[in-house]
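When you line the sequence shown up against full-length UniProt numbering, it's residues 1 to 101, in that order.
Working notes, beginning with the structure itself.
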Amino acid sequence: MDWRGVVPARRLAAGDICPHTGRARLGDDRACVLLDKYAGLDLHQLRHSAATPLGEAEIPLRLIMGRTRHKNPRTAMRYVNPGAEAIAKVTEVLAPRRRTH
């Protein structure tokens, strides 16, 4: 066996350890592989599925930006895709139904 490529394990930084389990966190590359294999998703789809309900719940854009880790509001808003119910709510505000007597 060739040991030239073996290096001692490095000590993990505090940010690389889950505070709840004490285990090492997954890297982005490993998370991508697992998401694709078991759920058929990619990280961008997860951003959409996280940001959309926040937008529909009228969470301030600044907080959505923090959650999606975007610095530019335009980029963060790409991940907020309102559903039919949210669009109907906006439509009702813009053009309320006329009362018929």
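For glycine and all other residues, C-beta sits at the position ideal for the given N, C-alpha and C.
Contact annotation: R25 and I17 have beta-carbon atoms nearer than 8 Å.
Between the C-alpha atoms of A86 and E58 there is a straight-line separation of about 10 Å.
For E92, the enclosing alpha helix (DSSP H) begins and ends at 84 to 94.
Taking the CA atoms as reference points, R47 sits about 6 Å from T68. Listed in chain order, the non-local C-beta contacts of A31 below 8 Å within the same chain comprise L43, local neighbours out to five positions each way being set aside.
Burial of V80 is indicated by the presence of at least 16 other C-beta atoms within 10 angstroms of its C-beta. With contacts defined by Cβ atoms closer than 8 Å, A76 and A51 form a contacting pair.
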